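As numbered in our numbering, residues 265 to 580 make up the sequence shown, in order.
Even for Gly, the Cβ is constructed at its ideal location relative to N, Cα and C.
Every value quoted in this text rests on a predicted model; they were computed, and no experiment measured them.
Data block below; observations after.
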Amino acid sequence: MTEVAVVGAGLMGHALALVYALGGHQVRLTDNRAETLQRAPGLMATALATLVEAGEVDASWDRQRLSHTVRCITSLAESVAGAKLVVEAIVERPDAKRAVYAELERLLDADAILASNTSNLDIFPLLPDGLQKRTIIAHWYTPPYLCDLVDLCPGPHTDPAAITTVRDMATAMGKVPVVFKQMVQGYVANRLQAAMQLEVYRLLDERLVTPKDIDDSVIHGLALRIPILGIMAKADFTGLLLMQHGMKNRSYTPPVPRDHSDTLDALIDDGRTGVMSGKGYFDWGGRSPEELFRERDRKLLALKQALRRIRPMEGT
Ligand SMILES: NC(=O)c1ccc[n+]([C@@H]2O[C@H](COP(=O)([O-])OP(=O)(O)OC[C@H]3O[C@@H](n4cnc5c(N)ncnc54)[C@H](O)[C@@H]3O)[C@@H](O)[C@H]2O)c1
Numbered sequence: 265m266t267e268v269a270v271v272g273a274g275l276m277g278h279a280l281a282l283v284y285a286l287g288g289h290q291v292r293l294t295d296n297r298a299e300t301l302q303r304a305p306g307l308m309a310t311a312l313a314t315l316v317e318a319g320e321v322d323a324s325w326d327r328q329r330l331s332h333t334v335r336c337i338t339s340l341a342e343s344v345a346g347a348k349l350v351v352e353a354i355v356e357r358p359d360a361k362r363a364v365y366a367e368l369e370r371l372l373d374a375d376a377i378l379a380s381n382t383s384n385l386d387i388f389p390l391l392p393d394g395l396q397k398r399t400i401i402a403h404w405y406t407p408p409y410l411c412d413l414v415d416l417c418p419g420p421h422t423d424p425a426a427i428t429t430v431r432d433m434a435t436a437m438g439k440v441p442v443v444f445k446q447m448v449q450g451y452v453a454n455r456l457q458a459a460m461q462l463e464v465y466r467l468l469d470e471r472l473v474t475p476k477d478i479d480d481s482v483i484h485g486l487a488l489r490i491p492i493l494g495i496m497a498k499a500d501f502t503g504l505l506l507m508q509h510g511m512k513n514r515s516y517t518p519p520v521p522r523d524h525s526d527t528l529d530a531l532i533d534d535g536r537t538g539v540m541s542g543k544g545y546f547d548w549g550g551r552s553p554e555e556l557f558r559e560r561d562r563k564l565l566a567l568k569q570a571l572r573r574i575r576p577m578e579g580t
């Protein structure tokens with residue numbers, strides 16, 4: 265059992281607190297916004313109830329046990345004091361990360377490991393000298409209590425033992441760590457998602473399709489095969505000659521990277537920021553985030569359990 269502190273209790277932070285709690289660790293969760301911290305126990309309890317209902321987690325896990333295992337603490341100093349693993353899950357802004365790392369350098373135990381959940385930032389230049397050796401990236405996918413992948417990246421000065429410790433903790437919790445030799449910005453999955461997003465924004469901004477057309481194409485086309493074949497095994501089944509011809513006879517020009525999308529900007533200006541605000545690309549019918557997360561989680565669990573039985577095709 266390790267004392268774990270999670271800094272940032274937003275979409276990822278509260279869920280990571282739950283992951284570490286269920287993994288047998290004692291967790292302290294903090295956020296600099298009081299209302300976010302207050303919301304976290306309800307979100308964790310909802311996720312937990314879904315996991316228990318699906319038989320993924322022992323029924324002895326109830327709200328009371330959860331509240332003893334994950335303590336919500338408003339003070340950053342109090343939440344990280346004595347913690348051996350500090351998970352940073354604050355907003356994805358370099359200035360905010362830099363500021364919190366400066367505070368953590370003063371507050372962390374000498375042997376504590378700092379693990380950032382950053383999606384895309386190279387956080388290592390943002391770290392003070394005192395944290396360089398013991399900081400890694402441990403990047404999870406949402407919801408992390410259902411998605412098992414964890415990307416682990418060392419920085420240029422990271423002690424390899426920090427990676428080994430967090431890798432072993434992840435494995436012991438039944439997760440699937442992928443260890444990178446060095447910082448690979450975007451890892452694998454986020455790079456692939458970023459490439460897809462470029463095409464999505466182009467299709468939307470040029471008004472060629474609707475968001476529903478995109479999701480229909482993914483759900484009924486791309487996605488069906490991915491859980492069984494990934495994309496590399498799928499290429500083997502497609503035949504590599506076709507892949508080679510596809511590269512030579514490219515029938516359209518890939519999108520040029522842009523730093524914004526008119527469609528996305530307009531939605532955000534309208535307050536449509538996604539499920540947390542009730543609307544995004546789609547209108548979620550006034551249902552609460554808790555209710556929507558619960559339905560998503562139930563469906564993901566059913567899929568995960570089916571995939572466990574089916575098992576992916578595996579070449580060597
Ligand atoms: N959302 C995802 O799907 C996802 C997936 C993987 C990784 N991540 C990464 O996880 C991190 C958090 O993302 P999120 O989606 O949970 O964001 P979020 O906005 O939901 O939560 C971030 C939280 O950090 C808090 N915060 C900001 N500064 C703080 C500080 N100094 N001290 C304590 N709390 C502070 C905010 O109040 C907020 O509640 C980001 O680095 C993001 O890139 C997100």
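- Membership of L340 in the alpha helix (DSSP H) is indicated by the continuous run 340–344.
- Per DSSP, the unbroken alpha helix (DSSP H) holding V364 starts and ends at 358–371.
- E356 counts as exposed, since fewer than 16 other C-beta atoms from the protein chains shown sit within 10 angstroms of its C-beta.
- For ligand 1, no non-hydrogen atom lies closer than 7 Å to the CB of D386.
- Listed as beta-bridge partners of W404 by DSSP are V414.
- Sequence-distant partners of F546 (beyond 5 residues in either direction) whose C-beta falls short of 7 Å from its own C-beta, in its chain, are P475.
- If you draw a straight line from the Cα of P553 to the Cα of V539, it is about 6 Å long.
- Put simply, the segment 476–485 does not touch the segment 441–458. Fewer than three CB pairs are less than 8 Å apart.
- Sequence-distant Cβ neighbours of C411 in its own chain, meaning closer than 6 Å and more than five residues away, are Y405.
- Annotation note: the segment 543–567 contains no uninterrupted beta strand (DSSP E) run of length 3 or greater.
- With a cutoff of 7 Å, H403 counts as near ligand 1, since its C-beta is closer than that to a heavy atom of the ligand.
- Judged by DSSP in its simplified three-state form, V520 adopts coil rather than helix or strand.
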